[in-house]
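Working notes, beginning with the structure itself.
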Amino acid sequence: MKVLAQISRVIVGLLFIFSGLIKLNDPVGTQYKLEEYFEVFATDLPALHDFFMALVPMALYLSVFLCTAEVVLGIALLVGYKPRTVSWMLLTIIVFFTFLTFYSAYFNKVTDCGCFGAAIKLTPWTSFGKDLFLLVLILIIVYYRKKYKPIPTGIIVVFSTVACLGLAVYVLRHLPVLDLLPYRVGASIPAQMKPSEPLRYLYTFEKDGKTFEYEQYPSDTTLKFKEMSVINEEAKPKITDFKVWNDAGDYTDSCFQGKKLFLIIKNLTDINTAALPDINKLLNAAGRQGVEPIILTSGNSDEIKQFLTQHQLSVPYYFVDATVLKTISRSNPGLWLLKDGIVKGKWHYNDTPDAATIVDLVK
């Protein structure tokens, strides 16, 4: 059993470090997941509605704390730092995560828990099974916690904490170091809106208490249809909700024609307006050199018109779903450069490029 305890320690430590680093690379993504959970709990538990809604503004801080804790606890476990304390902290975190994934799976809420950020997508029940597996391993670690010899490696834990917080601050002030989202630089948006191959379906029917499955829709009218599922799930479009429109109609296809520099305004409540003068100069300069400037926003017409007038932004604007804008850009405002539907550039407002850079990228 001692060997099993050591194996458990290595597996848990590595998984916690991997999971934490992937999410620290994009703490805003984890923030969105936490906000989603808080809003779901606020609706499902009316008595605690105000409590959970009060947590929404704190979601980013909680995201950084939880992601950092995952990495630091994983490292502390591997190096043997304060094994008793670390084992109990790991148990607390995994119980919390197991509850969240069970709630997601059983009640079909927050169907992507974001356990591994955008790197690995897990179904709710798979996420719950993963957490149950880790719970068992951590229970073994807790049981043998007194057998581990404490090692005075506090400097490693301190350095890990500082490094994790430094990484979080960097990506929040810029963009994720590793962009794993479908709107990343180099990706073709229109290509990802189509299946990678023709979709194949499995049709399930019932007759006389028996279940029958067909890959071609049967002609037998005595069969009772039960469900239809996709066989080659991996061929599904990576992007299914990208749509651009205004009051005149749909503009989606036009976005993929020529050179477009998009200013992403996710919302008007927490936008950094101090960055807009420099961005406005860039949009005007790019427009003079053949790169069409466009604003994508999720606000309503009256609000966005007033906002554009206030900040002297004379650029046409179109609407995109708020969730899609959150996926495209982790900053507000953000910049997104396309040429014939292929992403050529993506910037945080702290890294606003010059017009020469924009023109060079879309040559």
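In full-length UniProt numbering, the protein residues as written are 1 to 363. From the three backbone atoms N, C-alpha and C, an ideal C-beta is built for every residue, glycine too. Here the structure is a predicted model, which means the values were calculated and not measured.
For the candidate residues G154, V158, L178, whose alpha-carbon lies nearest to that of I22?
Residue 22 sits at position 22 when you count from the first residue of the sequence shown. The option with the nearest alpha carbon to I22 is L178.
In this structure, how does DSSP classify K326 when only helix, strand and coil are distinguished?
Working through the sequence shown from its first residue, we reach residue 326 at position 326. K326 falls in the helix class under three-state DSSP.
Contacts around F107, its chain only, beta-carbon distance under 8 Å, and the 5 residues preceding and following it disregarded:
For the purposes of this step, residue 107 is identified with residue 107 of the sequence shown, where counting begins at 1. Within the same chain, F107 has close Cβ partners D44.
Test item: CB-CB of T327 and Y183 under 9 Å
The sequence position of residue 327 within the sequence shown is 327, counting from 1. The sequence position of residue 183 within the sequence shown is 183, counting from 1. Yes, the Cβ-Cβ distance between T327 and Y183 is below 9 Å.
Does DSSP classify T252 as helix, strand or coil?
In the sequence shown, residue 252 corresponds to position 252, counting from 1. Of the three classes helix, strand and coil, the one that applies to T252 here is helix, per DSSP.
Just tell me which of T68, P152, V169, T269 has its CA closest to the CA of P57.
For this step, residue 57 is matched to residue 57 along the sequence shown. The residue with the shortest Cα to Cα distance from P57 is T269.
For L338, does the count of other Cβ atoms within 10 angstroms reach 16, so buried, or fall short, so exposed?
Residue mapping note: residue 338 aligns to position 338 of the sequence shown, counting from 1. Answer is buried; the Cβ neighbour count reaches 16.
Are L335 and Y349 closer than 9 Å when you measure CB to CB?
One-based indexing of the sequence shown puts residue 335 at position 335. One-based indexing of the sequence shown puts residue 349 at position 349. Yes.
Measuring CA to CA, which of D253, I304, F97, T211 is closest to F128?
Position 128 of the sequence shown, counted from the first residue, corresponds to residue 128. For the residues D253, I304, F97, T211, the minimum Cα distance to F128 belongs to F97.
Going by other Cβ atoms of all chains shown within 10 Å of its Cβ, with 16 needed for buried, is W347 buried or exposed?
Position 347 of the sequence shown, counted from the start, is the residue given in the question as residue 347. Under this definition W347 is a buried residue.
Beta carbon of S301, beta carbon of V320: below 9 Å?
Locating residue 301 in the sequence shown gives position 301, counting from the first residue. Locating residue 320 in the sequence shown gives position 320, counting from the first residue. No, Cβ-Cβ distance for S301 and V320 is not below 9 Å.
Cβ neighbour criterion (16 or more within 10 Å) applied to G13:
Residue mapping note: residue 13 aligns to position 13 of the sequence shown, counting from 1. Result: buried.
Looking at the structure shown, is M89 part of a helix, part of a strand, or coil, going by DSSP?
Counted from its first residue, the sequence shown places residue 89 at position 89. Looking at M89 - three-state DSSP - the assignment turns out to be helix.
Contact set for E303: own chain, Cβ-Cβ below 7 Å, skip 5 residues either direction:
If you number the sequence shown from 1, residue 303 lands on position 303. For E303, where only same-chain residues beyond five positions count, the Cβ hits under 7 Å are L268.
Length of the line joining the Cα atoms of V64 and V171:
What you label residue 64 is simply residue 64 of the sequence shown in a count that begins at 1. What you label residue 171 is simply residue 171 of the sequence shown in a count that begins at 1. Rounded to whole angstroms, V64 to V171 spans 11 Å at the Cα level.
Could you check what DSSP says for I231 in three-state terms: helix, strand or coil?
In the sequence shown, counting from the first residue as 1, residue 231 sits at position 231. DSSP places I231 in coil when its eight states are reduced to three.
Under the three-state reduction of DSSP, which class applies to H49: helix, strand or coil?
For the purposes of this step, residue 49 is taken as the residue at position 49 of the sequence shown. The answer is helix: DSSP assigns H49 an H, G or I state.
Can you tell me where the beta strand (DSSP E) with F242 in it begins and where it stops?
Numbered from its first residue, the sequence shown carries residue 242 at position 242. Here F242 belongs to no beta strand (DSSP E), and DSSP marks it neither H nor E.
On the DSSP bridge assignment, give the partners of I342 in chain order.
Mapped onto the sequence shown, residue 342 falls at position 342. For I342, which the question treats as bridged, DSSP gives the partners S188, K339.
Can you find a CB in chain C that lies within less than 9 Å of the CB of E36?
Judged by its chain identifiers, the structure shown contains no chain C, having just a single protein chain.
Using beta-carbon positions only, say whether G72 and T153 come within less than 9 Å of one another.
For the purposes of this step, residue 72 is taken as residue 72 along the sequence shown, with counting starting at 1. For the purposes of this step, residue 153 is taken as residue 153 along the sequence shown, with counting starting at 1. Looking at the sequence provided, one finds Val at residue 72 rather than Gly. Their beta carbons are not under 9 Å apart, which means V72 does not touch T153 by this criterion.
Going by DSSP, what residue range makes up the beta strand (DSSP E) through T204?
Stepping through the sequence shown from its first residue, residue 204 is reached at position 204. Here the beta strand (DSSP E) through T204 covers 201-207.
What does the Cβ neighbour count give for T240, buried or exposed, with the cut at 16 atoms within 10 Å?
Taking the sequence shown and counting its residues from 1, one reaches residue 240 at position 240. Exposed.
Could you check what DSSP says for G334 in three-state terms: helix, strand or coil?
Taking the sequence shown and counting its residues from 1, one reaches residue 334 at position 334. Strand at G334.
When you compare the CB positions of A235 and S196, do they come within less than 9 Å of one another, or not?
Within the sequence shown, numbered from 1, the residue matching residue 235 stands at position 235. Within the sequence shown, numbered from 1, the residue matching residue 196 stands at position 196. Closer than 9 Å, so yes.
For A275, collect the residues of the same chain with a Cβ closer than 8 Å to its Cβ; drop the 5 residues on either side in sequence, then sort them by chain order.
Position 275 of the sequence shown, counted from the start, is the residue given in the question as residue 275. Cβ neighbours of A275 beyond the five flanking positions: P333, Y349, N350, T352.
Name the DSSP beta bridge partners of W347, please?
As a working mapping, residue 347 is identified with position 347 in the sequence shown. DSSP, once it has assigned bridges, lists L335 as partnering W347.
Any idea if N25 is buried or exposed, counting beta-carbon neighbours within 10 angstroms, 16 or more meaning buried?
Along the sequence shown, read from residue 1 onward, the residue named residue 25 stands at position 25. By the neighbour-count rule (16 or more Cβ atoms within 10 Å), N25 is buried.
Could you check how far apart the C-beta atoms of P237 and K194 are, in whole angstroms? I think they sit under 8 Å.
On the sequence shown, position 237 is the one that residue 237 refers to. On the sequence shown, position 194 is the one that residue 194 refers to. Confirmed, about 6 Å.
Could you tell me whether the region 286-298 touches the region 254-264, where touching means 3 or more Cβ pairs closer than 8 Å?
yes
Out of F51, R145, I75, which one is the CA nearest neighbour of F18?
As a working note, residue 18 is residue 18 in the sequence shown. The shortest Cα separation from F18 among F51, R145, I75 belongs to I75.
According to DSSP, is T123 helix, strand or coil?
For this step, residue 123 is matched to residue 123 along the sequence shown. Residue state, collapsed to three classes: coil.
Under 8 Å by Cβ, that's how I've got L60 and P27 pegged, so tell me the actual separation to the nearest angstrom.
The residue labelled residue 60 in the question sits at position 60 within the sequence shown. The residue labelled residue 27 in the question sits at position 27 within the sequence shown. The pair is a contact, with the Cβ atoms about 7 Å apart (cut-off 8 Å).
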